[in-house]
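**Q** In full-length UniProt numbering, the protein residues as written are 1 to 496. Every residue gets a Cβ at the ideal spot worked out from N, C-alpha and C, and that includes glycine. If you're wondering where the values come from, they're calculated on a predicted model, not measured in any experiment. The structure follows.
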C-alpha cells in the first residue's frame, strides 16, 4: 500500500491527527441546504442524500492483490460504504452515467457479451480479413491519475454540451459541479493509524469516480475513435480497458497508439497487438479470416463457485449451472469450446460439493428449456449450436435492461430525480435464512398466507408475496480485519 501511495503521489498525510469526519458532515449538510434553497433539490431528495449518523464512519484504505498480474500489484480500494459523501457520490453517478452511456454507447462495452456482439456485427459487414489484428490496451491507474482540475473542466464541457438549457432535470451545471468538487475535496480516509487525503484523481470504490473517469477519457479517445471510424474498425472501452480491431499495417497502428499515448501525460497506456488477444473474460482469435471467441480464464483463477454446503437458499444453487451455461453459449462461438467450458463447469460444481445427480439434472434443464438437447447428446452439432449462440447472444442481460431503462429521458427527467412509485400489489418481507430451522420457511409461509389472508372478502387477495432471505455472515466477517479501529473512523467533535 505504501509503495502504491508513493508511486502515484496521489495521497498526503494529515499530520495533526485530526479526524475530518465532522468537517465533512458539515460540508455535506451545508451544500444540500444550499441546493434546497436554490430549488435544485426538494427537501425530501436532499434528506435522502444526508449521511446516516448512526452508521457514519470515515472511509478506510485497503488493497486487493491482482494475482493475475506480474509482481502481484495492489488494486487500491477506498472502502466508503458509510462515509459522509457516499450517497451523493451514488446520486451523481446515477444522474450522469445514463447520459454518458447515451453519448458514448457505440464506443462503450457494457460487458464481455457486448464485446462479442460488436465483433460479430463487424464480421457480418465483412470487415474481418485474414490479416485483421486485434489491439488491447490498459490505462494505468486511471482513477488515481486523472487530474482533478482537468477532470472537473471536462465535466463542465460535457454538461454544457449535453444538458438542456444548462440543466439536468432540476439541477444546474453549477449544482452538479459543486457536488462533484465536494466528493473530490473531502476524499479523506484512514490507513493503519494515520489519516490521509487523496489529492489527485478519485477514490477507487467511489461510484462517482467511474463516471468522472469515463467523461475525462471520452475527450482523450476522440482522435482514436475518428481514426478507427474512418477505417471501419472497432474502438471500444470498458473503463480502463481498450479494445480495437485493425487492418492497417502494424507500424501504422503503432504510430496512432503512440500519438494517443503522448496526448496527455496523465493517461499512460500499455498495449498489445496480435491475431489472438484476451479482453475482459473473452479470448478473441482471428483464424485465417474466421472469428473465434471463447471464455478466457486467468492463469491464477481457481474453480471456485458458491459451495453447495454454503448457508444459502437452494434456488441460488440451482441457478448457478444454468447461468454458467448461458454465459458459455453467449461467449463461445464454436461448439468445441462450449463443450470444453461445459466440462470445466461440471468439474467446478463437483469440486464445490454439488451432488452428481443435482449437476446432471440442472445441466439437462438448460438444454431442455432451450430445445437443444441434441447438443448434449452429440458433439458434432455446430450448426444447431450457432443458432443457439446467436439467439442467446442477442438477448439483453439484466444489467443491459436496467441501463436501457435509465437512459430514457435522462436529461430532462432523469430517473434518479423521480419519486419512486411503490407497487402496492407486491410485498417483500425479509427473513433470516439458515439451512436448518428456516430451510422450509418459504413454503410454510406461503401456506400460512393462503390459509389466513386469501379469502373472497380479503383486501390482500391480489397482493403477491416475495420473500427476501437475509444471508448469515461468513467466517470472513469474523476473522478478517481490513478496517482500522472503529473509534478512529467514528471520532466526531462535539456539536456546538
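(1) State yes or no: is the C-beta of residue 18 within less than 9 Å of the C-beta of residue 195?
(2) Could you pull the start and end residues of the alpha helix (DSSP H) that residue 150 belongs to?
(3) For residue 139, write down the residues that DSSP places opposite it in a beta bridge.
(4) With a 10 Å radius around its C-beta and 16 neighbouring C-beta atoms as the bar for buried, classify residue 266 as buried or exposed.
(5) Does the separation of the CB atoms of residue 197 and residue 20 fall below 9 Å?
(6) Within this structure, are the beta carbons of residue 132 and residue 275 separated by less than 9 Å?
(7) Unbroken beta strand (DSSP E) runs of length 3 or more, entirely within the region 58-96: which are they?
(8) Assign residue 301 to buried or exposed, taking buried as 16 or more other Cβ atoms, counted over all protein chains shown, within 10 Å of its Cβ.
(9) Which word fits residue 277, buried or exposed, when buried means at least 16 other C-beta atoms lie within 10 angstroms of its C-beta?
(10) In the DSSP assignment, the beta strand (DSSP E) including residue 346 goes from what residue to what residue?
(11) Going along the chain, which unbroken runs of the beta strand (DSSP E) with 3 or more residues stay wholly within the region 162-207?
(12) Where do the ends of the alpha helix (DSSP H) carrying residue 3 lie?
(13) From the DSSP output, in three-state form, read off residue 130 for me.
(14) Which of helix, strand or coil does DSSP assign to residue 320?
(15) With a 10 Å radius around its C-beta and 16 neighbouring C-beta atoms as the bar for buried, classify residue 53 as buried or exposed.
(16) Are there three or more Cβ pairs, one per stretch, closer than 8 Å when the region 247-266 is compared with the region 154-164?
(17) Who are the Cβ neighbours of residue 461 in its own chain at under 7 Å, not counting the five residues just before and after it?
(18) Less than 9 Å between the C-beta atoms of residue 128 and residue 291, yes or no?
(19) Which of the three DSSP states, helix, strand or coil, is assigned to residue 330?
(20) Decide if residue 408 is buried, meaning its Cβ has at least 16 other Cβ atoms within 10 Å, or exposed.
(21) Whose CA, out of 37, 38, 48, lies closest to the CA of residue 419?
(22) What does DSSP give as the partner residues of residue 536 in its beta bridges?
(23) From residue 78 to residue 88, what does the alpha carbon distance come to, in whole angstroms?
(24) Beta-carbon separation of residue 406 and residue 415 under 9 Å?
(25) Rounded to whole angstroms, what is the Cα-Cα separation between residue 111 and residue 280?
(26) At the level of alpha carbons, what is the spacing between residue 39 and residue 175?
(27) Give every residue of the same chain whose Cβ lies closer than 6 Å to the Cβ of residue 322, excluding the five residues on either side of it in the sequence, and list them in chain order.
(28) Under 9 Å between the Cβ atoms of residue 498 and residue 308?
(29) In terms of residue numbering, what span does the beta strand (DSSP E) encompassing residue 287 cover?
(30) Between which two residues does the alpha helix (DSSP H) containing residue 55 stretch?
(31) Since residue 210 contacts residue 93 with CB under 8 Å, what's their CB separation in whole angstroms?
(32) Using the Cα positions of residue 496 and residue 34, report the straight-line distance between them to the nearest angstrom.
(33) In this structure, does DSSP put residue 100 in helix, strand or coil?
(34) Considering just the uninterrupted stretch of the alpha helix (DSSP H) at residue 30, what are its terminal residues?
(35) Pick out the complete alpha helix (DSSP H) segments inside the region 386-427, 4 residues or longer, and give them in chain order.
(36) Taking the straight line between their C-alpha atoms, what separation do you get for residue 467 and residue 180?
**A** Let's see:
(1) yes
(2) 148-162
(3) 269
(4) buried
(5) yes
(6) yes
(7) 59-65, 74-79
(8) exposed
(9) buried
(10) It is not in any beta strand (DSSP E) - residue 346 instead sits in the alpha helix (DSSP H) that spans 335-351.
(11) 188-191, 194-198
(12) 2-8
(13) coil
(14) helix
(15) exposed
(16) no
(17) 454
(18) yes
(19) helix
(20) exposed
(21) 48
(22) Residue 536 is absent from the model: the chain starts at 1 and stops at 496.
(23) 16 Å
(24) yes
(25) 8 Å
(26) 10 Å
(27) 366
(28) Since the first residue shown for the chain is 1 and the last is 496, residue 498 is missing from the structure and cannot be characterised.
(29) 282-287
(30) Looking at the DSSP string, residue 55 is not in any alpha helix (DSSP H), and its letter there is neither H nor E.
(31) 7 Å
(32) Any answer about residue 496 is weak, because its pLDDT of 47 lies below 50 and its placement is not dependable; what the coordinates show is given next. The straight-line gap from Cα to Cα measures roughly 21 Å.
(33) helix
(34) 21-37
(35) 398-406
(36) 38 Å
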